[in-house]
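**Q**
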Amino acid sequence: MEIKQLQKKVFGDKKPTVLTIVMDGVGFAPENEGNAVYLANTPTLDKLYSQYPTLKLQAHGVAVGLPSDDDMGNSEVGHNALGAGQVFAQGAKLVTGAIESGKMFEGESWKAIVSNVKEKNSTLHFLGLFSDGNVHSHIDHLTAMIKRAKEEGVKRVRIHILLDGRDVGETSALEYVEPFEEFLASLRDDSFDVMIASGGGRMTITMDRYEANWKMVEEGWKTHVLGLGRQFCCAKCAIEAYRAESGVIDQDLPAFVIAKDEKPVGPIVDGDSVIFFNFRGDRSIEISKAFEDENFTKFDRKKLDVVYAGMLEYDGDAHIPSRYLVSPPEITSTMGEYLATAGINQLAISETQKYGHVTYFWNGNKSGKFSEELEEYIEIPSDVVPFEQRPWMKCAEITDVLIEKLRSGKYEFLRVNFPNGDMVGHTGDINATRISMEALDICLARILKAVDEVGAIALITADHGNADEMLEMDKKTGKPKNKAKTSHTLNPVPCVFYDNSYADKYDVVDGKYGLANVAATVLTLLGFEAPEFWEKSMIVLK
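Following this note's numbering, the numbering of the sequence shown begins with 14 at its first residue and continues without gaps.
#1: Is the number of C-beta pairs between the region 387-404 and the region 442-451 that are closer than 8 Å three or more?
#2: Pull up the CB-CB distance for S173 and G212, whole angstroms please, since I reckon it's below 8 Å.
#3: At which residue ranges does the region 359-432 contain complete beta strand (DSSP E) runs of 3 or more residues, listed in the order of the chain?
#4: Determine the DSSP secondary structure at K249, reduced to helix, strand or coil.
#5: How is the alpha helix (DSSP H) around V506 delimited, first residue to last?
#6: Count the other C-beta atoms from every protein chain shown that fall within 10 angstroms of the C-beta of R420, then say buried if there are 16 or more, exposed otherwise.
#7: Excluding the 5 residues flanking L457 on each side, which residues of the same chain have their C-beta closer than 6 Å to its C-beta?
#8: Whole angstroms are fine: how far does the CA of Y51 sit from the CA of S63?
#9: Can you tell me the Cα-Cα spacing of I411 and E132, whole angstroms?
#10: If you draw a straight line from the C-alpha of D396 to the C-alpha of G38, how long is it?
#11: Do A322 and I288 have their C-beta atoms within less than 8 Å of each other?
#12: Indicate whether the contact test is met: 3 or more Cβ pairs, each with one atom in the region 28-46 and one in the region 497-512, closer than 8 Å.
#13: For M436, tell me which candidate among V506, D180, E232 has the shortest Cα-Cα distance.
#14: Between the alpha carbons of V100 and A157, how many angstroms are there, rounded?
#15: Tell me S211's beta-bridge partners as DSSP assigns them.
#16: Pick from E326, D465, C250: whose alpha carbon is nearest that of N513?
#17: Against chain C, with Cβ distances strictly below 8 Å, would S128 count as a contact?
#18: Can you grab the Cα-Cα spacing for the pair S81 / H73, in whole Å?
#19: Can you give the beta carbon distance from F383 to L539, rounded, assuming they're within the 8 Å contact cut?
#20: Do P267 and L584 have their beta-carbon atoms positioned less than 8 Å apart in this structure?
#21: Secondary structure at L32, three-state DSSP: helix, strand or coil?
#22: Measuring alpha carbon to alpha carbon, tell me which residue in A480, L461, I460 is nearest N433.
#23: Determine whether the beta carbon atoms of F24 and K555 lie at a separation below 8 Å.
#24: Tell me the residue span of the beta strand (DSSP E) that contains L138.
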């Protein structure tokens with residue numbers, strides 16, 4: 014990548030230090046009883062919004078590479094856009110296109126999956142997040158593959174459903190299960206045996222990320238693979254029973270196994286084929302390792318002789334999984350690569366829950382560093398407790414280390430993610446989320462004091478909304494309903510220019526921007542010209 018210095022010295026001989034702060038899950042929304050950001054006591058944010066240039070960035074839909082503006086943004090695509098400075102077609106769009114064109118079914122991975130079960134007269138299993146949230150998966154992709162499997166002569170299919178309640182309504186599971194059962198009934202005949210075999214809430218089993226809680230994956234393995242667990246005659250029966258007993262929302266429902274005559278209907282055994290149909294990578298890597306890693310040690314697991322495929326390649330450097338149905342977007346020429354090539358020292362820091370977002374996703378789905386010499390990545394281990402019980406998470410610890418690194422003078426560009434607004438927001442607990450925002454606000458005050466101390470510039474932004482809309486909205490009245498909302502939002506996010514050192518050297522230009530505009534803005538502040546194919550900078554130099 015060609016590195017271009019700005020022709021005129023705007024900031025004098027000393028390049029400014031630039032810090033990008035990602036307030037995960039913090040968007041702009043109407044000030045009402047469902048907005049935890051508004052309800053929180055946040056004097057630092059209030060001051061930022063009122064006294065410093067603030068733009069609203071699009072963080073969903075086509076602005077981050079998703080199919081339409083009806084699609085919520087998420088942390089993966091948000092950090093891809095922030096780090097790349099470009100908009101790439103993302104998971105859902107790629108998969109939908111591959112299915113509609115038939116390209117997926119012409120690929121070697123699909124052919125291997127199908128031929129294996131036909132040759133061995135074995136079972137094809139589908140495992141993944143069961144909703145149309147379009148953040149990790151989409152049920153339409155699942156139904157299309159089941160139809161195709163029948164058309165190609167597969168005789169036996171089992172589906173293992175991970176209930177959502179996070180990217181969709183918190184108690185919406187039956188809205189998906191009941192029509193899906195009707196769909197399966199329409200396909201089922203003497204030559205095609207198809208049914209749901211197991212399930213459970215996405216925050217209870219299988220979908221852990223960043224190795225924060227391998228117990229989730231182990232529980233999923235026991236449920237889907239071994240068929241061990243509480244038995245029910247159907248998925249609807251399991252959901253209704255658990256709700257009546259505990260009242261928990263879908264994402265937290267315990268695991269269940271569908272059984273007939275006290276025998277599980279669909280354990281995964283040697284000779285079977287398995288498709289993990291999530292397209293998003295972060296919560297797909299660990300279960301993929303459990304199926305494929307020859308030297309797996311995270312829990313007691315017998316390696317199965319199955320043909321396994323993911324919807325996408327979830328880790329392009331580690332090549333996880335080894336077989337996948339659709340090639341992921343090739344994200345190149347990212348900000349991290351540009352700055353490493355230019356000799357800029359960089360720091361990335363977050364706690365475990367979002368560490369991969371300021372590293373792997375920020376770098377264009379690339380594991381590792383562009384330069385071992387110039388880059389430092391710091392992971393603060395997350396607590397393994399329900400987020401609503403400790404809503405401040407690790408924001409204080411992150412702040413302690415970040416301030417130390419700022420004061421060291423070693424780094425010219427730093428990036429940090431505070432997960433509070435997103436992870437606590439997903440619980441649906443508005444009071445806990447309010448507290449999470451107040452904890453973050455205290456940390457922001459500390460950080461900005463250090464920013465002034467070293468003469469740096471801070472861009473305060475977010476990757477998508479969540480904490481800003483904690484109640485479902487009535488589409489007719491536009492007012493909040495008395496029903497918790499646990500998903501992301503379609504709201505814009507802030508980009509605040511906190512600069513008490515160089516603000517007279519440039520103008521912030523009003524306009525329609527998205528997350529991808531942040532990268533070029535950072536490069537401009539650092540004295541570089543962004544590549545022409547990047548989204549434009551939000552500032553102009555005087």
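The beta-carbon is built from N, C-alpha and C at its ideal position, and this holds for glycine as well. Predicted model, so just to flag it, every value in this text is computed and none were measured.
**A** Reading it off the structure:
#1: yes
#2: The sequence given here has His at residue 173, not Ser. H173 to G212, Cβ: 6 Å. Contact.
#3: 359-364, 388-393, 426-431
#4: helix
#5: It is not in any alpha helix (DSSP H) - V506 instead sits in the beta strand (DSSP E) that spans 506-511.
#6: exposed
#7: T57
#8: 14 Å
#9: 53 Å
#10: 19 Å
#11: yes
#12: yes
#13: D180
#14: 27 Å
#15: H173, V270
#16: D465
#17: Annotation note: the requested chain C is absent from the structure, which comprises a single protein chain.
#18: 9 Å
#19: About 16 Å separates the two Cβ atoms, so there is no contact after all.
#20: Residue 584 lies beyond the residue range present for the chain, which begins at 14 and ends at 555; the question has no answer from this structure.
#21: strand
#22: A480
#23: no
#24: The amino acid at residue 138 is misidentified as Leu; the sequence shows His. Per DSSP, H138 belongs to the beta strand (DSSP E) from 137-143.
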